[in-house]
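>
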Amino acid sequence: MKVERVTSIVIDDDIDLRDVFVELLEMHNIDVLGTGNNGLEAFELYQKCQPNIVFLDEFMPEFDGFYGLEKIRKYDPHAKIVLVTAATEKELKFDKNNITAVIEKPIDIDQVVSLVDKMMLGKVL
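Following the working numbering, the residues of the sequence shown are numbered contiguously, the last one being 105.
The following block contains the structure:
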């Protein structure tokens, strides 16, 4: 049985962090189909690329992660969206029912890979 490659998009306005995260994902066989700087770009990239997983920062200028989340959810209610944030659990502005999972910054790539594996096996909905 051939294992399908996992595809993703990474949305974060911190370019250095985003670039390192993309490199780490690709080193762990998670294809990054595109990157963006805000919630509007998240939505546009989701429509264009149709990734398995969206890694989305919460706080970004112009169009924040909440904007991207709402747009993606309306377009695809079953999208797998992982919030990547430096905020504590109490500071999150998201309705936790709208996100698939939360990853805290600084990013632990082993945690990310484990989460991706579980998501692709349907163990995280």
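Using N, Cα and C, we set each Cβ at its ideal position, and we do this for glycine too.
1) Between the C-alpha atoms of I33 and Y47, what's the straight-line distance to the nearest angstrom?
2) Go through its chain and collect everything with a Cβ distance to E106's Cβ below 6 Å, but skip five positions before and after it.
3) Helix, strand or coil for E21 per DSSP?
4) Reducing DSSP to helix, strand and coil, say where K60 ends up.
5) Any chance you could list the beta strand (DSSP E) runs of at least 3 consecutive residues sitting entirely within the stretch -17 to 45, in chain order?
6) What does the Cβ neighbour count give for S(-12), buried or exposed, with the cut at 16 atoms within 10 Å?
7) Please report the distance separating the alpha-carbon of A66 from that of A22.
8) Run through DSSP, which three-state label would V92 get?
9) Are F39 and V64 close, meaning C-beta to C-beta below 8 Å?
10) Could you tell me the alpha carbon to alpha carbon distance between P31 and V(-14), rounded to whole angstroms?
Working from what's here:
1) 17 Å
2) Residue 106 is absent from the structure shown; the chain starts at -19 and stops at 105.
3) helix
4) strand
5) -14 to -9, 10 to 16, 33 to 37
6) buried
7) 19 Å
8) helix
9) no
10) 8 Å
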